[in-house]
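A.B. asks: Got a structure here, written out as structure tokens. Questions coming.
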Amino acid sequence: MRYTGPKVRLSRRAGVPLTRKAVRYFEQRPYPPGEHGRKTNRRTTGDYGLRLMEKQKLRWYYDVSERQLRRYWDLAVRRPGSSGAELVAILETRLASLVLRAGLAPSIYAARQYVTHGHITVDGRKVDIPSYLVKPGQVIAVRQKSRTMQPFVAASEGVYADERIAPYLVVDHAQLTFTLAAAPVRENITVPVDEQLVVEFYSR
50 MRYTGPKVRL SRRAGVPLTR KAVRYFEQRP YPPGEHGRKT NRRTTGDYGL RLMEKQKLRW
110 YYDVSERQLR RYWDLAVRRP GSSGAELVAI LETRLASLVL RAGLAPSIYA ARQYVTHGHI
170 TVDGRKVDIP SYLVKPGQVI AVRQKSRTMQ PFVAASEGVY ADERIAPYLV VDHAQLTFTL
230 AAAPVRENIT VPVDEQLVVE FYSR
């Protein structure tokens, strides 16, 4: 089941800001939420707790359910190479993830909403499935009739763009389009998670 509560609380539980908006709030309250949050010592967490938290951070960062993450893990272990790196690469190629990474949305939650509401196309065809796995060479765009909406006008001006575009994307903010130029590799994916601990969690 996906978390639908306050997103800043997730960042405080995870110990890292998971969204742009959370950065400012996290700096003010870097401790976990709740009555005893200030007294919580993250360093005393046991091995299982550390691995569980890294797995949860990965879930929250990409806004996926436990069942979805488990399915991606099963797919990752069947691929050659490091299972942890493959897991992150699979999550990164989700349509919602790439809409965020390309700077067309301010958060993963907004990106998911844009996709489910039918504002996004893949190779000219509307796709309303956030978990759709994009393949290298495919072109993603905002639908023509959606481009006058305020969030997409802001996106066309580069408001949501990262300082450095991911090297596996070719983005044209003015035209609200981007292409997945190559399969993402872990070294080029910015995600605040130690995937080796996730591997250890699922391999226990």
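Mapping of the sequence shown onto our numbering: residues 50 to 253, in sequence order.
Glycine residues also receive a C-beta, built at the ideal position from the N, C-alpha and C atoms.
In three-state terms, what does DSSP make of residue 84?
C.D. replies: Note that residue 84 scores a pLDDT of 49, beneath 50, so its modelled location is shaky; the value from the coordinates is reported in the next line. Residue 84 falls in the coil class under three-state DSSP.
A.B. asks: Which residues mark the beginning and the end of the alpha helix (DSSP H) in which residue 137 is found?
C.D. replies: Where residue 137 is concerned, the enclosing alpha helix (DSSP H) stretches over 132–141.
A.B. asks: State buried or exposed for residue 91, treating a residue as buried only when at least 16 other CB atoms are found within 10 Å of its CB.
C.D. replies: Reliability of the predicted coordinates at residue 91 is poor, the pLDDT of 48 falling under 50, and the value obtained from them is presented with this limitation in mind. Exposed is the call here.
A.B. asks: Helix, strand or coil for residue 96, going by three-state DSSP, please let me know.
C.D. replies: Looking at residue 96 - three-state DSSP - the assignment turns out to be helix.
A.B. asks: Mind listing, in chain order, the continuous alpha helix (DSSP H) runs of no fewer than 4 residues lying wholly within the segment 145–202?
C.D. replies: As far as the segment 145–202 is concerned, its whole alpha helix (DSSP H) runs of at least 4 residues are 157–165.
A.B. asks: For residue 126, does the three-state DSSP call read helix, strand or coil?
C.D. replies: Reduced to three states, the DSSP call for residue 126 is helix.
A.B. asks: Quick one, are the C-beta atoms of residue 239 and residue 223 less than 9 Å apart?
C.D. replies: Taking 9 Å as the Cβ cut-off, residue 239 and residue 223 do not qualify as a contacting pair.
A.B. asks: So, are the CB atoms of residue 173 and residue 191 less than 9 Å apart?
C.D. replies: Not closer than 9 Å, so no.
A.B. asks: Can you tell me which residues form a DSSP beta bridge with residue 221?
C.D. replies: For residue 221, which the question treats as bridged, DSSP gives the partners 226.
A.B. asks: Just mark residue 84 as buried or exposed, buried being the case when its beta carbon has 16 or more other beta carbons within 10 Å.
C.D. replies: With a pLDDT of 49 at residue 84, under the threshold of 50, the predicted position of this residue should be treated as unreliable, though the coordinate-derived value follows. Exposed.
A.B. asks: Return the chain-ordered list of same chain residues with a C-beta closer than 7 Å to the C-beta of residue 275, the five sequence neighbours on each side being excluded.
C.D. replies: The structure shown does not extend to residue 275, since the chain is modelled only from 50 through 253, so no value can be given for it.
A.B. asks: Pull up the CB-CB distance for residue 217 and residue 233, whole angstroms please, since I reckon it's below 8 Å.
C.D. replies: That pair is a contact at about 5 Å.
A.B. asks: Between which two residues does the alpha helix (DSSP H) holding residue 251 run?
C.D. replies: Counting along the chain, the alpha helix (DSSP H) containing residue 251 begins and ends at 244–252.
A.B. asks: Please classify residue 96: is it buried, with 16 or more other beta-carbons within 10 angstroms of its beta-carbon, or exposed?
C.D. replies: Classification of residue 96: exposed, given that the 10 Å Cβ count is below 16.
A.B. asks: Look up residue 111 in the DSSP assignment and say whether it is helix, strand or coil.
C.D. replies: Helix.
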